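Participant: Dropping a structure here in structure tokens format, bear with me for questions.
Numbering (the working numbering), first residue to last: 483 to 551.
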């Protein structure tokens, strides 16, 4: 069985949490608590490109804040 999180032909969402972290999420799955949709359903490649463009600082938002920006 194929892992739905790695399906190159699947449709995905991009999720973002309060810490500013992103996740690719299969569009058929319920969005988990603590996450919001940052990009609506699209191809895995398009969602991965969105994450690469928008998640430029891998540190959690709380750490960025604590370090002064």
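We treat Cβ as the ideally placed atom computed from N, Cα and C, and that holds for glycine. Quantities reported herein were computed from a predicted structural model and do not represent experimental measurements.
What is the C-beta distance between residue 523 and residue 493, in whole angstroms, given that I count them as a contact (C-beta under 8 Å)?
Facilitator: One-based indexing of the chain shown puts residue 523 at position 41. One-based indexing of the chain shown puts residue 493 at position 11. Correct: roughly 5 Å between the Cβ atoms.
Participant: So the alpha helix (DSSP H) residue 538 belongs to, where does it begin and stop?
Facilitator: In the chain shown, the residue the question calls residue 538 occupies position 56. Element bounds for residue 538: n/a, residue is neither H nor E.
Participant: Distance, Cα to Cα, residue 525 vs residue 516?
Facilitator: Working through the chain shown from its first residue, we reach residue 525 at position 43. Working through the chain shown from its first residue, we reach residue 516 at position 34. Taking the straight line from one Cα to the other gives about 23 Å.
Participant: Between residue 495 and residue 511, what straight-line distance do the alpha-carbon atoms span, to the nearest angstrom?
Facilitator: The residue you call residue 495 lines up with position 13 of the chain shown. The residue you call residue 511 lines up with position 29 of the chain shown. Computed Cα separation, rounded: 9 Å.
Participant: For a test of the three-state rule: what should DSSP assign to residue 501, helix, strand or coil?
Facilitator: For the purposes of this step, residue 501 is identified with residue 19 of the chain shown, where counting begins at 1. Residue state, collapsed to three classes: coil.
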